[in-house]
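Down below is the structure, laid out as structure tokens.
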Amino acid sequence: MTTHAQDIMSRELFTVSPEMSLIDMDKALSSRKISGAPVVSNGELIGIVTSTDIGRRFSSNLKTEAGETSYYWHSNGTMTNLIVGSETDAGDLVERLSRCTVADIMTDDVISVSPDDEVKVVAGLMSKYKIHRILVVQNKRPVGMITSLDMVGLLTQ
Numbered sequence: 001m002t003t004h005a006q007d008i009m010s011r012e013l014f015t016v017s018p019e020m021s022l023i024d025m026d027k028a029l030s031s032r033k034i035s036g037a038p039v040v041s042n043g044e045l046i047g048i049v050t051s052t053d054i055g056r057r058f059s060s061n062l063k064t065e066a067g068e069t070s071y072y073w074h075s076n077g078t079m080t081n082l083i084v085g086s087e088t089d090a091g092d093l094v095e096r097l098s099r100c101t102v103a104d105i106m107t108d109d110v111i112s113v114s115p116d117d118e119v120k121v122v123a124g125l126m127s128k129y130k131i132h133r134i135l136v137v138q139n140k141r142p143v144g145m146i147t148s149l150d151m152v153g154l155l156t157q
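The UniProt record's numbering applies: residue 1 is where the sequence shown begins, and numbers increase by one.
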């Protein structure tokens, strides 16, 4: 029997809007203990955003050399280790984060599958693009998500 995306996908999706602030997004992801979410506008998928996107977006603009001090924005307003820079960079980072929205950092070229795609197609795409989550989309609307842990779980059945 062939297993399809719809057989293993999680149907409960937390989505964010492109207008959501990065601070609110980080708080929402942290409170749900997830690291990413589909970006939806008028019910249609327009992108995906992860907590890693914050680091990727802002670490490239640091003015100091790697190795000085590490900081990462956290939802409680503090910094924890990830992005390398100085204390000045950290203050600047918090200020820039407070002005940005999900639309500023989201990935709009989303790798997705349909509910009827076979799991081997899902695994192939996740491997090819080195992604840990893939959206299941039907008629431009996200209907589920499959994570790398879902794929591992399938192997244990």
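Virtual Cβ for every residue (Gly too), placed ideally from N, Cα, C.
Residue j beta carbon less than 8 Å from that of residue i
{"i": "Met145", "j": "Ser10", "result": "yes"}
{"i": "Val152", "j": "Val102", "result": "no"}
{"i": "Ile105", "j": "Asp26", "result": "no"}
{"i": "Leu154", "j": "Ile8", "result": "yes"}
{"i": "residue 163", "j": "Thr107", "result": "Residue 163 cannot be examined here, being either before or after the span of the chain that is shown, 1 to 157."}
{"i": "Glu118", "j": "Thr2", "result": "yes"}
{"i": "His132", "j": "Thr156", "result": "no"}
Close-in-space but distant-in-sequence residues of the same chain around residue i (CB under 8 Å, 5 per side omitted)
{"i": "Leu45", "result": "Pro38, Val39, Val110, Ser112, Leu135, Val137, Lys140, Arg141, Pro142"}
{"i": "Asp116", "result": "His4, Ala5, Gln6"}
{"i": "Thr15", "result": "Ala37, Pro38, Val39, Val40, Pro142"}
{"i": "Tyr129", "result": "Ile111"}
Length of the line joining the Cα atoms of residue i and residue j
{"i": "Cys100", "j": "Leu22", "result": "6 Å"}
{"i": "residue 158", "j": "Arg32", "result": "The structure shown does not extend to residue 158, since the chain is modelled only from 1 through 157, so no value can be given for it."}
{"i": "Asp150", "j": "Ser51", "result": "20 Å"}
{"i": "Leu13", "j": "Ala123", "result": "20 Å"}
Sequence-distant residues of the same chain with beta carbon closer than 7 Å to residue i, five excluded per side
{"i": "Val121", "result": "Val113"}
{"i": "Arg56", "result": "none"}
{"i": "Thr78", "result": "Low confidence applies here, because Thr78 scores a pLDDT of 44, under 50, leaving its location unreliable; read the following figure in that light. Excluding residues within five positions, none has a Cβ falling inside 7 Å."}
{"i": "Met20", "result": "Thr101, Val102"}
Contact set for residue i: own chain, Cβ-Cβ below 6 Å, skip 5 residues either direction
{"i": "Ala28", "result": "none"}
Give, in chain order, every unbroken run of the alpha helix (DSSP H) that is at least 4 residues long and sits entirely within the UniProt domain "CBS" (106 to 157). List check, alpha helix (DSSP H) in window: 119 to 129, 148 to 155.
Quick one: which unbroken alpha helix (DSSP H) runs of 4-plus residues sit fully inside the UniProt domain "CBS" (9 to 64)? Chain order, please. Inside the UniProt domain "CBS" (9 to 64), DSSP marks whole alpha helix (DSSP H) runs of 4 or more residues at positions 22 to 32, 51 to 59, from first to last along the chain.
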